[in-house]
Amino acid sequence: MSRTIPYADLGKAPNDLIGKGFPAASTIKLSHEGTVPFGVLFKNSLTSKIDGSRVGLTIEPEYKTKLGDNPVNIKGKWTSNDELEASCGVSDLVQNGTELKGWFNRSRNDKKNIEVKGGLELGFTNDTVNVKVKTESPSDLSKHKIDAAVVAHYPQNIYWGVNLQYTHSAGKSADGQSDSDEERAPAGSWGGRLHYIQPDNKGSVTVAYEVDPKSKDNHNVQQLSFTWHQKYADTNFATSFVLPPGKNPYAVFVTDNKYDSRSSVKSKVTVGTESRLAVAYTHVCNDYMTGTVGVDLNANKLVGGSGGGDHAFGFEVKLK
59 MSRTIPYADL GKAPNDLIGK GFPAASTIKL SHEGTVPFGV LFKNSLTSKI DGSRVGLTIE
119 PEYKTKLGDN PVNIKGKWTS NDELEASCGV SDLVQNGTEL KGWFNRSRND KKNIEVKGGL
179 ELGFTNDTVN VKVKTESPSD LSKHKIDAAV VAHYPQNIYW GVNLQYTHSA GKSADGQSDS
239 DEERAPAGSW GGRLHYIQPD NKGSVTVAYE VDPKSKDNHN VQQLSFTWHQ KYADTNFATS
299 FVLPPGKNPY AVFVTDNKYD SRSSVKSKVT VGTESRLAVA YTHVCNDYMT GTVGVDLNAN
359 KLVGGSGGGD HAFGFEVKLK
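Here this note's numbering = 1-based position in the sequence shown + 58.
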């Protein structure tokens with residue numbers, strides 16, 4: 059049975075093409091992925107700034123098993139930056155297509171304080187709808203958040219998605235101090251995506267009206283974006299136009315060309331207040347190692363302008 063795409067995956071292909079495959083600026087990364095004999099998949103990575111500062115280690119285990127006839131997926135994540143995550147999901151409870159997951163997270167918040175939170179996630183999917191409801195609460199129960207997403211698949215190749223978030227504050231912060239009136243007030247936000255996949259599955263168009271997940275400002279202010287993705291032969295193209303409220307619009311253009319089974323080149327041009335040009339070359343050295351080298355250039359400075367960040371260089375090695 060075909061499964062309806064979850065809300066988070068509407069437009070995932072072009073977003074991955076735009077955001078992945080380029081080494082992080084001024085960073086060297088070594089990653090490894092492998093399965094140990096008793097069935098646990100480990101994804102490990104070691105990152106460091108080129109100057110040797112800010113070294114970080116990440117370990118992500120994943121184990122899939124069964125509880126009777128129900129698939130069970132257990133995931134974890136540990137980083138050297140005081141971050142710890144764990145989740146356990148059980149699928150096909152009561153009815154096929156359902157999943158119940160418990161999750162836990164321990165990390166540093168924006169104020170650099172340790173924050174512990176957790177919750178439950180309930181989902182259901184079939185060939186017509188995909189529904190997910192996720193709860194989140196800190197250890198002191200000072201706030202409670204509900205995140206619900208619904209996707210309807212109708213007609214063929216078109217997906218309609220709506221995401222609703224609501225946060226209720228109990229009026230006390232984690233350190234026992236009273237929150238401000240703004241923090242105590244219930245906060246709600248919503249977003250929507252319209253996603254079209256071509257019949258040959260070689261391209262898609264996504265229109266989104268939602269809060270920018272990467273922005274720490276204007277948490278409840280939506281922005282409009284248009285993303286297009288197309289594949290011709292061995293080349294992928296993606297374009298994204300974003301209209302942020304109160305700010306200048308910007309656009310991103312990406313191409314990913316595979317020259318042969320071992321080599322590919324990705325290029326990304328960002329046009330906006332700060333225009334940048336990024337290029338990444340990936341080569342499969344052998345069955346066990348892949349290397350990627352990339353540069354991220356300030357396009358304004360290339361043409362004699364000023365402002366914006368400096369040019370940057372990155373390198374990544376993946377081992378299997």
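We put the beta carbon where it would ideally sit given N, CA and C, even for glycine.
Same chain, Cβ closer than 6 Å to residue i, five either side skipped, listed in chain order
i	result
ALA206	VAL191, LEU222
ASN102	HIS90, ILE117
ASN315	THR293, VAL323
GLY219	TYR65, LEU68, VAL209, ARG251
GLN288	GLY261, PHE295
SER145	LYS133, LYS159, TRP161
LEU142	TRP136, ARG164
LYS203	GLU194, THR225
ASN347	A quick correction: the sequence has Met, not Asn, at residue 347. Excluding sequence neighbours, MET347 sits near LEU377.
GLY366	GLU332, ASN356, ASN358
Burial state of residue i, where buried means 16 or more other Cβ atoms lie within 10 Å
i	result
PRO129	exposed
SER298	buried
TYR317	exposed
SER321	exposed
ASN188	buried
ALA243	Here the model assigns ALA243 a pLDDT of 45, short of 50, so the residue's position is not dependable, and the following value carries that caveat. ALA243 comes out exposed.
LEU360	exposed
VAL312	buried
GLY155	buried
ALA71	buried
PRO196	buried
ALA291	exposed
Short Cβ contact (7 Å threshold) for residue i with residue j
i	j	result
GLY181	GLU194	no
GLY372	PRO64	no
GLY114	THR105	yes
ALA370	LEU335	no
ASN171	GLY147	no
THR62	THR183	yes
GLY246	TYR224	yes
VAL337	SER325	yes
GLY349	VAL375	yes
GLU120	LEU99	yes
Local conformation of residue i per DSSP, three classes
i	result
ALA83	coil
ASN155	Inspection of the sequence shows that residue 155 is occupied by Gly rather than by Asn. Here GLY155 sits in coil by DSSP.
GLY362	coil
ILE76	helix
ALA71	helix
ALA228	coil
TYR290	strand
TYR339	strand
GLY234	Only weak support exists for where GLY234 lies, its pLDDT of 49 falling under 50; the value from the coordinates is given anyway. GLY234: coil per DSSP, three-state reduction.
TYR317	coil
TYR217	strand
GLU374	strand
TYR346	coil
TYR65	helix
TRP161	strand
Contacts around residue i, its chain only, beta-carbon distance under 7 Å, and the 5 residues preceding and following it disregarded
i	result
VAL300	GLN281, SER283, PRO307, TYR308
SER138	GLY114, LEU115
ILE255	ASN215, SER262
Same chain only: Cβ atoms within 8 Å of residue i, ignoring 5 sequence neighbours per side
i	result
LEU125	VAL148
SER60	ASP185
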